[in-house]
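In the order they appear, the protein sequences are chains C and R.
Sequential numbering of the first sequence, starting at 1, is according to full-length UniProt numbering.
Sequential numbering of the second sequence, starting at 1, is according to full-length UniProt numbering.
There are 2 protein chains.
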Amino acid sequence: MAQEAVSEKAGAPVSDADRVADRLRQAIVAGEFAPRQRLIESDLIEMFGASRGAVRSALAVLAVEGLVERIRNRGARVRAVDLEEALEIVEIRAALESLCARRAAERVDEEGASRLRGIAEVMRRAVGEHDAEGYSEANRALHQAVLDISGARVAPDIVSRLRAQNVRYRIRLAMQPHRPAESLPEHLEIVEAICAQDPGRAAEAMQAHLRSVHRATKEYFTEARG
Amino acid sequence: MAQEAVSEKAGAPVSDADRVADRLRQAIVAGEFAPRQRLIESDLIEMFGASRGAVRSALAVLAVEGLVERIRNRGARVRAVDLEEALEIVEIRAALESLCARRAAERVDEEGASRLRGIAEVMRRAVGEHDAEGYSEANRALHQAVLDISGARVAPDIVSRLRAQNVRYRIRLAMQPHRPAESLPEHLEIVEAICAQDPGRAAEAMQAHLRSVHRATKEYFTEARG
DNA sequence: GTGAACAACATTGTTTACAATAATGCTTGC
DNA sequence: GCAAGCATTATTGTAAACAATGTTGTTCAC
């Protein structure tokens, strides 16, 4: 009997539908499709060289993930995330990622610690050189590393999906001139706490960091936009 | 332009694929399909009177939700949830539901309070009459009420999906003779804290309750099964 | 009797064509 | 000039056929 655990996350795409879903997800997260933009099936077929059924399954999947919305007989479009929802997502991430940070501190080994320290070094350099793009990428890498090191199986999936939903906000956040310098010490504290194998401190550090993200997001969108 | 917000959750099913997904999800959660049971497309077509494409999209959706797993050219089957994962799910629910309990305490109105008190009354009666089935249903209703009253939009969706995944464990838990009497005071504390509009107390009460669920789940499956 | 090669079957993956629905633009009457 | 009704077009929803793959059972050599 085939007893090997088959994860639909980890493994290679299983069908054309999965490939289309992956590429379309990436495109939406990267901002290649604007919020509320219509996603015409025939366009996607041509764009991805896939069949109708594959595209439709992919759209169904992305609808569940909250990246697109579908209306009967009117097709699919990129779902827009409003401020209220973006803030709630940050709150949820705070709860889940602090849980993962705690577990990461409990389980971290030398390999994980050096991975974290490496990312911390990249962050310090990026702040020094005012490299917003590099800092943003290191930020993503750090959060992902914590999820990986935690060894959790469910929470990382959920967090990944949530991140995909408010990545558009975060990108802008990291592009704020003062923001990297502001969040750097928070990130360093997370790394130190996990490397020190202090679960409580790691959880608190992650929560504090995401409280800061929450506040910054709120301020940016209530001040700059009204 | 059509500006109305269309939620794929709240609204009626949008296509045959959604209808199939809903019914299949319900059947899996209700235990009509056993874990690891194969889900043959032709069977589902006959069972639900839907087309091939609808069934395949539904399977893709349920795979994302974690209820089924698919292997290329070998089809889909009901995914089995092991103890480790069930425990992690309870941990995540603790984090998310305590967050919702906090918000519920902040926002609760008279209607919500009486809804909670009504459920509490049903729970007391069920324990008195040793009505395990009734208690289990009231338990579900209470957790759902907290999510509803919280007014949150994202967390309830996630929690619902997580509950769907470990409902098989929870059912057995509520059927343990001593379990309802054990969890009743925890549930009553949640209700009281929210009705008293005490956010911190509500969050702590929910967390304490799910810690208890976590411990009970662990004990049940390590003692009874080995 | 056992194991390997092979053939028949079951099932899934993909493509195509057809039907139904909503959006769009045009005509016509006023 | 404008609005209502109608025809057209664009797009999605559904169904059926075809191809590819994995599984199972059988045969045959040893």
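Virtual Cβ for every residue (Gly too), placed ideally from N, Cα, C.
From the options, residue whose alpha carbon lies closest to that of residue i
| i | options | result |
| --- | --- | --- |
| C/P185 | C/R140, C/S212 and C/A196 | C/S212 |
| C/D131 | C/V90, C/H178 and C/I89 | C/H178 |
| R/A181 | R/E106, R/G128, R/R36 and R/L147 | R/G128 |
| C/E91 | C/L210, C/T217, C/R163 and C/K218 | C/L210 |
| C/E121 | C/Y135, C/E111 and C/V108 | C/Y135 |
| C/E192 | C/I28, C/A101, C/Q26 and C/R140 | C/A101 |
| C/R117 | C/A145, C/L99, C/E133 and C/A34 | C/A145 |
| R/A50 | R/A202, R/A27, R/R19 and R/G75 | R/R19 |
| C/A155 | R/I89, R/A203 and R/E111 | R/I89 |
| C/G200 | C/S98, C/A126 and C/A54 | C/S98 |
| R/A34 | R/V167, R/A17 and R/F48 | R/V167 |
| R/A216 | R/E133, R/L83 and R/A113 | R/L83 |
| R/R70 | C/A17, C/Q176, C/Q26 and C/D109 | C/A17 |
| C/E111 | C/Q176, C/E137, C/I194 and C/Q26 | C/I194 |
| C/A113 | C/E137, C/D148, C/A126 and C/V81 | C/D148 |
| C/E133 | C/R172, C/D109, C/L162 and C/R163 | C/R172 |
| C/S183 | C/R74, C/A126, C/Q26 and C/R163 | C/A126 |
| C/G31 | C/Q176, C/V81 and C/F221 | C/V81 |
| R/L162 | R/Q176, R/R74 and R/E85 | R/E85 |
Check whether residue i and residue j have beta carbons under 8 Å apart
| i | j | result |
| --- | --- | --- |
| C/A63 | C/A21 | no |
| R/R107 | R/S160 | no |
| C/N139 | C/A196 | no |
| R/M123 | R/H187 | yes |
| C/E189 | C/A203 | no |
| C/V55 | C/I45 | yes |
Cβ separation of residue i and residue j, assumed to be a contact under 8 Å, to the nearest whole Å
| i | j | result |
| --- | --- | --- |
| C/Q207 | C/A94 | 5 Å |
| R/V68 | R/R79 | 6 Å |
| R/S15 | C/R72 | 6 Å |
| R/L96 | R/K218 | Actually they are not in contact, since the Cβ atoms of R/L96 and R/K218 sit about 20 Å apart, beyond 8 Å. |
| R/R115 | R/A152 | Going by Cβ atoms, the distance from R/R115 to R/A152 rounds to 17 Å, so no, they are not a contact pair. |
| C/R52 | C/E65 | Between C/E65 and C/R52 the Cβ distance is about 21 Å, and since that is not below 8 Å, they are no contact. |
| R/L142 | R/I158 | Wrong, their Cβ atoms sit about 18 Å apart, outside the cutoff. |
| C/R23 | C/R77 | Between C/R77 and C/R23 the Cβ distance is about 17 Å, and since that is not below 8 Å, they are no contact. |
| R/A105 | R/D43 | With a Cβ gap of about 47 Å, R/A105 and R/D43 do not count as contacting. |
Check: residue i C-beta below 7 Å from any heavy atom of the ligand ZN
| i | result |
| --- | --- |
| R/D109 | Summarising the ligand content, the structure contains no ligands, and the ligand ZN is consequently not present. |
Contacting positions in the stretch 92-105 of chain R - beta carbon closer than 7 Å to chain C: I92, A95, L96 and L99
Selection of the stretch 137-159 of chain R by Cβ proximity to chain C, strictly under 7 Å: Taken in chain order, the members of the stretch 137-159 of chain R whose beta-carbon sits within less than 7 Å of a beta-carbon on chain C are A152, R153, V154, A155 and I158.
Selection of the stretch 46-68 of chain R by Cβ proximity to chain C, strictly under 7 Å: G53, R56, S57, A60, V61, A63, V64 and E65
Positions along the stretch 73-94 of chain R whose CB lies within less than 7 Å of some CB in chain C: E85, E88, I89, E91 and I92
Contact set between the stretch 105-124 of chain C and chain R, restricted to residues whose Cβ is under 7 Å from the partner: none
Residues, ordered as in the chain, of the stretch 179-212 of chain R that lie near chain C by beta-carbon distance below 8 Å: Along the stretch 179-212 of chain R, there is no position whose C-beta sits under 8 Å from a C-beta of chain C.
Under 7 Å (Cβ pairs) to chain R, residues found in the stretch 15-37 of chain C: S15 and A17
Every unbroken alpha helix (DSSP H) within the stretch 103-176 of chain C, with a cutoff of 4 residues, ordered by chain: 110-128, 132-150 and 155-175
Those runs of the alpha helix (DSSP H) which lie wholly inside the UniProt domain "HTH gntR-type" (14-81) of chain R and span at least 4 residues: 16-29, 41-48 and 52-65
Complete alpha helix (DSSP H) runs within the stretch 185-221 of chain R (minimum length 4 residues, chain order): Entirely contained in the stretch 185-221 of chain R, not one alpha helix (DSSP H) run reaches 4 residues.
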